[in-house]
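Working notes for the structure below.
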Amino acid sequence: SQQGEEDPQALSIQEGENATMNCSYKTSINNLQWYRQNSGRGLVHLILIRSNEREKHSGRLRVTLDTSKKSSSLLITASRAADTASYFCATEDSSYKLIFGSGTRLLVRP
Amino acid sequence: NAGVTQTPKFQVLKTGQSMTLQCAQDMNHNSMYWYRQDPGMGLRLIYYSASEGTTDKGEVPNGYNVSRLNKREFSLRLESAAPSQTSVYFCASSDTSGGLEQYFGPGTRLTVT
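Just so you know, the protein sequences line up as chains E and A, in that order. Note that this note's numbering has the first sequence beginning at 4, numbered continuously upward. Note that this note's numbering has the second sequence beginning at 563, numbered continuously upward.
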């Protein structure tokens, strides 16, 4: 069963615009992570936010976490064509296993 | 550092055949994982090994077996392949279970006809 569900499923933006994708989950978590997957490749870790944190930044990435709403968002600012990829949220349950959502496919048009 | 390596990259099996997917990591990580990814979906955990000598079932273990051969290597075996096991298989590792990022291999694309 999928714990995290991303929204939207697909997103198409112009280079330079910001991209926001959301993740909702069902049960309590230890932390939430975001991963990127380029077509045909393995996943690459982007950022981890712990359940007691509300916001975290890494370069052009900003992640927020609202545990009361069981949701997280990933903001990519000033997007580039190289940001084109699928983005997955993954929640870590109490037994330290990651459960992935179905992903948001981001297309950044040059 | 090669990170996480997987072999083979591609494989075509007939229904009922068996095969073993190999995974190795050179980061001295304690925990290793096997996932499958079906088209348009996220990853689902098949089996994991929290530390050398231990293995545990994930969300979709039926039809698979695993072996944690040593700290570096974690193999996934399909004893009798079925078309429903057509998927892309990813191996991952992390320093320990809990609260840390996972490092992924490039994947094995398996087709069962």
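Just so it is clear, CB atoms sit at the ideal spot from N, CA and C, and this is done for glycine as well.
- Under the 8 Å criterion on CB atoms, Tyr610 (chain A) is classed as interfacial with respect to chain E.
- No residue range can be given for Tyr28 (chain E), since it is assigned to no beta strand (DSSP E) and is classified by DSSP as neither H nor E.
- The three-state reading of DSSP puts Gln647 (chain A) in helix, counting H, G and I together.
- Per DSSP, Asp600 (chain A) is not a residue of any beta strand (DSSP E), being assigned neither H nor E.
- Looking at the backbone, the Cα of Leu46 (chain E) and that of Tyr38 (chain E) are separated by about 6 Å.
- The DSSP-derived three-state label of Ala81 (chain E) is coil.
- Excluding residues up to 5 positions away in sequence, Thr569, Ser637 lie with their Cβ nearer than 6 Å to the Cβ of Gln584 (chain A) in the same chain.
- Segment contact: the region 602-610 of chain A against the region 99-109 of chain E, three or more CB-CB distances shorter than 8 Å; contact assigned.
- In the structure shown, Asp588 (chain A) falls within a coil segment according to DSSP collapsed to helix, strand and coil.
- Checking the DSSP bridge columns, you'll see Ile608 (chain A) has no partner listed.
- For Tyr99 (chain E), no beta strand (DSSP E) run applies, since DSSP gives it neither H nor E.
- Contact check for Leu35 (chain E) against Thr107 (chain E) fails: the beta carbons are separated by 8 Å or more.
- Using a C-beta cut-off of 8 Å, the region 17-31 of chain E makes contact with the region 64-82 of chain E, since at least three inter-stretch Cβ pairs fall below that distance.
- For Leu607 (chain A), the closest Cβ of chain E is nearer than 8 Å.
- Any Cβ of chain E closer than 8 Å to the Cβ of Gly620 (chain A) would place that residue at the interface, and such an atom is present.
- Rounded to the nearest whole angstrom, the CA to CA distance from Ala84 (chain E) to Gln40 (chain E) is 14 Å.
- Around Val622 (chain A), the same chain offers Arg598, Arg606, Leu607, Ile608 as residues with beta carbons nearer than 8 Å, after the five sequence neighbours per side are excluded.
- A direct Cα-Cα distance of roughly 12 Å separates Leu662 (chain A) from Ala654 (chain A).
- C-alpha of Gly578 (chain A) to C-alpha of Glu641 (chain A): approximately 8 Å in a straight line.
- The beta carbon of Met603 (chain A) sits closer than 8 Å to some beta carbon of chain E.
- In this structure, Gly565 (chain A) keeps its C-beta atom at 8 Å or more from the C-beta atom of Tyr626 (chain A).
- Residues of the region 91-102 of chain E with a C-beta less than 9 Å from any C-beta of chain A: Phe91, Cys92, Ala93, Glu95, Ser98, Tyr99, Lys100, Leu101, Ile102, listed in chain order.
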